[in-house]
Amino acid sequence: MAEATPPRGPGRWLAPTLAVLLALAAWQGAVWFWDIPPYLLPGPWRVLQALHQDFGSLMASWWVTVRITATALALACVGGVGLATLFSLSRWLEWSLTPFAVVLQVTPVIAVAPLIMILTDSAEATVLVCAWIVAFFPLLANTLAGLRSADAGLRELFRLYGASRWQTLRFLLIPSALPYFLTGLKIAGGLSLIGAVAAEFTAGAAGRNTGLASRILEAAFRTEIPKMFAALVLVAATGVLIHLGFEALGRLLLRRWHDSERG
Numbered sequence: 004m005a006e007a008t009p010p011r012g013p014g015r016w017l018a019p020t021l022a023v024l025l026a027l028a029a030w031q032g033a034v035w036f037w038d039i040p041p042y043l044l045p046g047p048w049r050v051l052q053a054l055h056q057d058f059g060s061l062m063a064s065w066w067v068t069v070r071i072t073a074t075a076l077a078l079a080c081v082g083g084v085g086l087a088t089l090f091s092l093s094r095w096l097e098w099s100l101t102p103f104a105v106v107l108q109v110t111p112v113i114a115v116a117p118l119i120m121i122l123t124d125s126a127e128a129t130v131l132v133c134a135w136i137v138a139f140f141p142l143l144a145n146t147l148a149g150l151r152s153a154d155a156g157l158r159e160l161f162r163l164y165g166a167s168r169w170q171t172l173r174f175l176l177i178p179s180a181l182p183y184f185l186t187g188l189k190i191a192g193g194l195s196l197i198g199a200v201a202a203e204f205t206a207g208a209a210g211r212n213t214g215l216a217s218r219i220l221e222a223a224f225r226t227e228i229p230k231m232f233a234a235l236v237l238v239a240a241t242g243v244l245i246h247l248g249f250e251a252l253g254r255l256l257l258r259r260w261h262d263s264e265r266g
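Residue numbers (the working numbering): 4 to 266.
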């Protein structure tokens, strides 16, 4: 059976845009039809009004969340890619350090956040470390899988021509690992945002210079449900933008030579 051809041009964006608009219309229609009070479920229009009324405080908190997410993701990229490169060059190093990487992966940030809070005595540092923890392992695992996936025949050819480890890494292993790294980057981007929000809930950060999780907690405490939904919409929109940004980056880097984007 022939593989379905993905839509191109405006059709690529028209279908998801229409789906989102229909979902919003159904949400608003349900609120109107059942006359649901806004303190239980505000409609999209009421959420938009709350976003407009509290735009200043919500955007300031949004920027804090974005800054922490981007910083944690950058640190996870450096650490994950660097450690994966070392693992690909030394099996002994991989066997020695893999247990520590697995511990980072399986430890819930909700459980470790109070300990980090005690050690750092800073809510922002706690959120940053927790966001880094959840973003680190996908980058490490995917990059290492990519470095190991290079064609065995090409490896032998590089060895036959006397290529050094650096030349093999630069001209064979890194291009082979790039699609895997980009997949890990898309996963880690969303996880770093989730880690930042979840850690801020756990750390109990409060005040003006805090992220969207604090605005959600504040709005829930004051029963300002439309404002809470507005903050949730900003979190979701940020995650969508992160995903779309890395999708575009993947197409830019891979479309000329890799089958996953060239088709």
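Backbone N, C-alpha and C fix where the C-beta goes; we use that ideal spot for every residue, glycine too.
C-beta contact flag for residue i and residue j at 8 Å
i: A75; j: A240; result: no
i: F184; j: V109; result: no
i: F175; j: R158; result: Per the sequence shown, the amino acid found at residue 175 is Leu instead of Phe. It is a contact, given that the beta carbons lie within the stated cut-off.
i: G149; j: L181; result: yes
i: A201; j: V112; result: yes
i: W65; j: L215; result: yes
i: S195; j: V137; result: yes
Length of the line joining the Cα atoms of residue i and residue j
i: I197; j: A134; result: 7 Å
i: L61; j: P229; result: 12 Å
i: P45; j: A22; result: 20 Å
i: I190; j: H55; result: 31 Å
i: W16; j: L25; result: 14 Å
i: A128; j: A234; result: 22 Å
i: P178; j: T101; result: 24 Å
i: A63; j: L163; result: 57 Å
i: R254; j: L188; result: 13 Å
i: F224; j: S217; result: 10 Å
i: L107; j: L143; result: 11 Å
i: V69; j: R94; result: 36 Å
i: L51; j: A126; result: 30 Å
i: A5; j: L86; result: Low local confidence applies: a pLDDT of 48 at A5 is under 50, so the model's placement there is unreliable, with the coordinate-based value given in what follows. Between A5 and L86, the C-alpha separation is close to 41 Å.
i: L160; j: R173; result: 15 Å
i: G59; j: A53; result: 11 Å
i: P40; j: W30; result: 13 Å
For residue i, the three-state DSSP class (helix, strand or coil)
i: R15; result: helix
i: W37; result: coil
i: P117; result: helix
i: P141; result: helix
i: G165; result: coil
i: R259; result: coil
i: T110; result: coil
i: A134; result: helix
i: S179; result: helix
i: A153; result: coil
i: L122; result: helix
Minimum C-alpha distance to residue i - residue among the options
i: G82; options: V132, V34, R218; result: V132
i: T277; options: R94, H261, I245, F249; result: Because the chain spans 4 through 266 in this model, residue 277 falls outside it and cannot be assessed.
i: I121; options: T20, A104, A216, T205; result: T205
i: V105; options: P111, G187, F140; result: F140
i: T88; options: A63, D57, L160, N145; result: N145
i: R49; options: S179, V236, A202; result: V236
i: M231; options: P47, Q31, W37; result: P47
i: A251; options: V130, T171, R94, T186; result: T186
i: L3; options: L172, G156, A222; result: Outside the modelled stretch of the chain, which goes from 4 to 266, sits residue 3, for which no answer is possible.
i: V130; options: V34, A153, W30, E203; result: E203
Residue i Cβ short of 7 Å to the ligand SAM heavy atom set
i: L188; result: With respect to the ligand SAM, the structure offers nothing, as it holds no ligand at all.
(request) Could you tell me which uninterrupted alpha helix (DSSP H) segments, each at least 4 residues in length, are contained entirely in the segment 41-106, listed from first to last along the chain? (result) Taking only runs of at least 4 residues, the alpha helix (DSSP H) segments lying wholly in the segment 41-106 are 47-56, 58-92.
(request) Go through the segment 183-252 residue by residue and report every complete run of the alpha helix (DSSP H) that reaches 4 residues or more, in order. (result) 215-224
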